[in-house]
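Scroll down for the structure; my scribbles are underneath it.
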Amino acid sequence: MKMFEIDNAIRSVYENAEVNPETGEVTLHTQRLELLEMEKEKKIEHCLLMAKEGKADIDQLGEMIKSLQEKKKFAENKLSCLKNFLKSFDKGKYGAFSLHFTKTRVLSVDDSLDIDKIPEEFVKTKKELKKSDIKSFLEEGNKMDGFEVKDNVSAVIR
Numbered sequence: 012m013k014m015f016e017i018d019n020a021i022r023s024v025y026e027n028a029e030v031n032p033e034t035g036e037v038t039l040h041t042q043r044l045e046l047l048e049m050e051k052e053k054k055i056e057h058c059l060l061m062a063k064e065g066k067a068d069i070d071q072l073g074e075m076i077k078s079l080q081e082k083k084k085f086a087e088n089k090l091s092c093l094k095n096f097l098k099s100f101d102k103g104k105y106g107a108f109s110l111h112f113t114k115t116r117v118l119s120v121d122d123s124l125d126i127d128k129i130p131e132e133f134v135k136t137k138k139e140l141k142k143s144d145i146k147s148f149l150e151e152g153n154k155m156d157g158f159e160v161k162d163n164v165s166a167v168i169r
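According to our numbering, the sequence shown is numbered sequentially starting from 12.
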């Protein structure tokens, strides 16, 4: 038996969240939680427990993703080794399969190369907002179109 059991109605609301396929926005029907006939303190406790379980699920999914990425990289390397091995044979039909080769031109880059010495025209630069600098700028009383500093409240679950 579990030390804590999450109320089925709360679990149901959490597990039946909807996702907008176009935007990816998640909707949790919190009005259903509000309508639950349950002692306020118990409702909050069960929601906190559900949140803890949700966080544990996220952590576990992160570990699974990391593991799958490692397995994918390993599989890619095995396939690359096998293809390199097959380069030593002649092209032709072998059973139900055929082996042929295509010539490509690839750029080999020395690992010790200093990217700062490469002309700008050959280097990609990704533009990103310096959000903390913009926030500081606005908090000093300055204005910038498209930005505003808003107060936010984050729930912390311990």
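For glycine and all other residues, C-beta sits at the position ideal for the given N, C-alpha and C.
Nearest-angstrom Cα separation, counted from residue j out to residue i
i      : j      : result
Val24  : Phe133 : 52 Å
Lys77  : Asn153 : 43 Å
Ser109 : Gly103 : 6 Å
Lys114 : Tyr105 : 21 Å
Leu93  : Val117 : 20 Å
Asp70  : Glu48  : 32 Å
Asp162 : Ile145 : 15 Å
Glu159 : Leu149 : 7 Å
Lys137 : Cys58  : 40 Å
Ser147 : Lys141 : 10 Å
Asp127 : Glu33  : 41 Å
Val164 : Glu139 : 25 Å
Asp60  : Val30  : Here residue 60 is Leu; the residue named in the question, Asp, does not match the sequence. Each residue's Cα considered, the two are about 22 Å apart.
Asp68  : Ala28  : 15 Å
Lys89  : Asp125 : 31 Å
Glu56  : Ala166 : 13 Å
Glu26  : Lys66  : 14 Å
Phe112 : Lys98  : 8 Å
Beta-bridge pairing of residue i - partner residues as DSSP gives them
i      : result
Ser109 : Lys104
Val37  : Val30
Residue i CB to nearest heavy atom of the ligand PLP below 7 Å
i     : result
Glu56 : Within the structure as shown, the ligand PLP is missing, as the structure has no ligands at all.
For residue j and residue i, believed in contact at Cβ under 8 Å, the rounded distance
i     : j      : result
Lys54 : Ile168 : Not really, about 15 Å apart at Cβ, beyond 8 Å.
Ile17 : Leu44  : Not confirmed; about 12 Å, so no contact.
Can you confirm whether the segment 78 to 87 touches the segment 28 to 44 when touching is taken to mean that 3 or more C-beta pairs between the two stretches lie within less than 8 Å?
no
Quick one: complete alpha helix (DSSP H) runs, 4+ long, within the segment 124 to 161?
142 to 150
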